[in-house]
Amino acid sequence: MAEVEETSKLMFAGLSDVSISGDIPVEGEINVPVGTPIQDKEYSTLDEPVKDTILRDLKAVGKKFVHVMYPKKSSALLRDWDLWGPLLLCVTLALMLQGGSVNSKEDGGPQFAEVFVIIWFGSVIITLNSKLLGGTISFFQSLCVLGYCIMPLTVAMVVCRLVLLGGSWRFSFIVRLIVVTASFSWSTFASTAFLADYQPPNRKALVVYPVFLFYFVIGWMILTV
Amino acid sequence: MAANSDFLLTFQEFDSSESHLGGNGDATTISIEDTGAGSHKPQKQRRSAPVTSFEEDNDPLANDDKTELLSGQKRSSPFWTFEYYQTFFDVETHQVRERILGSLLPWPGRNFVHLYIRNNPDLYGPFWICATLVFVIAICGNISDFLVDLGKPQNKYVPEFRKVTIAATAIYSYAWLVPLALWGLLVWRNSKVMNIVSYSFLEIVCVYGYSLAVYIPAVVLWLLPYEAVRWFSIVVALCLSGSILVLTFWPAVRDDQPRVAIAIMTAIMALHILLAFGCKAYFFSTLEDEHTAVDAVVGHGTKSSPTMKMHRTNTMS
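Protein chains in written order, with our numbering: chain A, 13 to 237; chain B, 12 to 328.
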């Protein structure tokens, strides 16, 4: 014990005459190492120009549209969910469905608010249904998928508008029927491809049927307005 | 050998069921505890529940004692958690299909609740059958108006979107408020007269919900413009769904005074008939209405032209 004290005294002997006053500034960097500097640049998006931010979000939305056009099972759509695309599609659809009735006196078509409420309320109910049946998908991921898969129906709406402008009524009706049927089955198939993996195996049909009903009703609204 | 038989003959103290059947996920554990004990208990029972319900469905009329044992343990979570509501959706595709088929084919002696629901009432069936019925009625009502308009001179088809909201209100209030009233009534009668059979509120909602399933094909048949087809389909649908209701609720009220029993059954049937004919009358114009509508349009057209001619002569002079 005495020897340890002796050696420590020897080690600290040279320091005994060093005095540190309060005036001497101590320089150095107090940095907590966070990792590589490149990661810091990616996560701090406050410094980038606004154009970059908007373009990045637009690219993400565009990538998801492409995913819906060619549906293959990928987790990218679900991992980075966003609700911009569904909002854009819903507003477009509601505006076009609302302005559809030419005879404004007998305006029996759905109003903007009705279409909006049907789409969002329907998506919420379908998401709740799939979660209650034991699905592992999260709430907003499911809203994201259902909203993005409305895109084929929006395309069908645009095509129907164009077809209505010209041609005989019967022929245009048959064309519109075919287009709407194809797009609604495409929507159902696309959303099933994304959602089916997250359901318990014995209940897949129970989850797919409300999605089918939802897109059927939207397709019906597109066909008749 | 002797040691084994000694083991079998001596009294063994059994510890709690969880440790005894710890690793066996298939076993049904029954514990008599407070229902608000905690959420880990219901987890284990719910995990074992789907396996046992699948076994039950293989043999519909057996295993009644197992269902009796399971009956008290379904809703152990408090009502503000998500898991509480998940217990109402504990059904699988084949179970829903069997329940719908069972509601389409009633058989005297086979009680829908005892055979198909069996202490596992679900909210999936009633909710989505009602939703489907609402949209089918609205769509078919619009289609039938459209087919009527097809023969008229002006080709303007106006979709009536408010029919969806009206249909939704009517059907959902029928499928959820009438069971509430009926359940309250049965509970009140139960307090006066001891009934052997009693149903919980969810089982009554299930019966009403699944009995509406037969109306979906009936409403689609109403598209055909022949009155005979419409009357035939509505009568058949009424018979099938009404008999489900009668066969279900008769055992619950037959022990009561005969006048009260008859009154309850008559009220059930009257409300059911009212719903069916109300929907038909409101959403589907009958063929007589279509003829008078066409005549009114033609008559109005001929009436307006003389007045216009007189007006023109007046202005000219």
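All C-beta atoms, glycine included, are put in the ideal place defined by N, C-alpha and C. Only a predicted model underlies this, so the values are computations on that prediction, with no experimental measurement involved.
Listed in chain order, the beta strand (DSSP E) elements of length 3 or more contained wholly in the segment 242-276 of chain B amount to none.
Of all alpha-carbon atoms in A:PHE152, A:PHE185 and A:VAL192, the one lying nearest the alpha-carbon of ARG91 of chain A is that of A:PHE152. Here the C-alpha atom of PHE295 of chain B lies approximately 12 Å from the C-alpha atom of TYR237 of chain B. Shown here, PRO228 of chain B sits in a helix according to DSSP, grouped into three states. By the Cβ neighbour-count rule, TRP233 of chain B is buried, with 16 or more other Cβ atoms within 10 Å of its own.
Residue-level contact by beta carbon fails for TYR95 of chain B and chain A, as no gap is shorter than 8 Å.
Cβ-Cβ distances below 7 Å link ILE138 of chain A to LEU158, PRO222, VAL223 and PHE226 in the same chain, with the five nearest sequence neighbours on each side left out; the list follows chain order.
For VAL229 of chain A, the chain B residues whose Cβ falls inside 7 Å of its Cβ are PHE146, in order along the chain.
Here the C-alpha atom of VAL208 of chain B lies approximately 5 Å from the C-alpha atom of ALA263 of chain B. Against ALA168 of chain A, chain B offers no close residue; the least beta-carbon distance is about 17 Å (beta-carbon pairs closer than 9 Å).
Identification of chain A residues near GLU103 of chain B by a Cβ-Cβ cut-off of 7 Å yields ASN214 and ARG215, ordered along the chain. For GLY146 of chain A, the closest Cβ of chain B is nearer than 8 Å. In summary, ALA287 of chain B is buried, with 16 or more beta-carbon neighbours lying within 10 Å of its beta-carbon over all protein chains present. By the rule that beta-carbons nearer than 8 Å mark a contact, TRP232 of chain A touches chain B. Taking C-beta separations shorter than 6 Å and ignoring five residues to either side along the sequence, the partners of THR148 of chain A in its chain run TYR210, following chain order. Between LEU126 of chain B and GLY136 of chain B, the C-beta spacing is not below 8 Å.
Taking 8 Å as the CB threshold, THR277 of chain B stays off the interface with chain A. If you look at ARG173 of chain B, you'll find it in the alpha helix (DSSP H) that goes 173-203. Taking C-beta atoms as the reference points, VAL80 of chain A and ALA194 of chain A fail to come closer than 8 Å. For LEU218 of chain A, the neighbours in chain B by C-beta distance under 9 Å run, in chain order, PHE100, VAL102, GLU103, THR104, VAL107, TYR135 and TRP139. Close partners of GLU126 of chain A in chain B (Cβ separation under 7 Å): PHE172. Taken through DSSP and simplified to helix, strand or coil, GLN97 of chain B comes out as helix. Residues of chain A whose Cβ lies closer than 7 Å to the Cβ of THR143 of chain B are, in chain order, LEU225.
Chain-ordered listing is empty here: chain B has no CB closer than 9 Å to the CB of TYR210 of chain A, the nearest sitting near 15 Å. Its chain contains no residue whose beta carbon lies nearer than 6 Å to that of MET276 of chain B once the 5 sequence neighbours on both sides are disregarded. With respect to PHE123 of chain B, LEU213 of chain B sits apart: the two C-beta atoms are not nearer than 8 Å. Residues of the same chain with a CB within less than 8 Å of the CB of VAL216 of chain B, apart from the 5 flanking positions on each side, are PRO132, LEU134, PRO137, ALA186, TRP187 and PRO190 in chain order. THR166 of chain A sits close to THR104 of chain A, with the two beta carbons spaced by under 8 Å. Non-local beta-carbon contacts of ILE140 of chain B in its own chain, meaning distances under 6 Å to residues more than five positions away in sequence, involve GLY220, LEU223 and ALA224 in chain order.
For THR236 of chain A, the nearest CB of chain B lies under 8 Å from its own CB, placing it at the interface with that chain. Assigned with DSSP and collapsed to three states, ASN214 of chain A falls in helix. For SER184 of chain A, the uninterrupted alpha helix (DSSP H) run begins and ends at 181-207, by DSSP. Burial is judged here by how many other beta carbons sit within 10 angstroms of a residue's own beta carbon; PRO117 of chain B has at least 16 and is buried. Listed by position along chain A, the residues whose Cβ is nearer than 7 Å to that of ILE111 of chain B form an empty set, because the closest Cβ is around 12 Å away.
Rounded to the nearest whole angstrom, the CA to CA distance from ASP266 of chain B to LEU249 of chain B is 26 Å.
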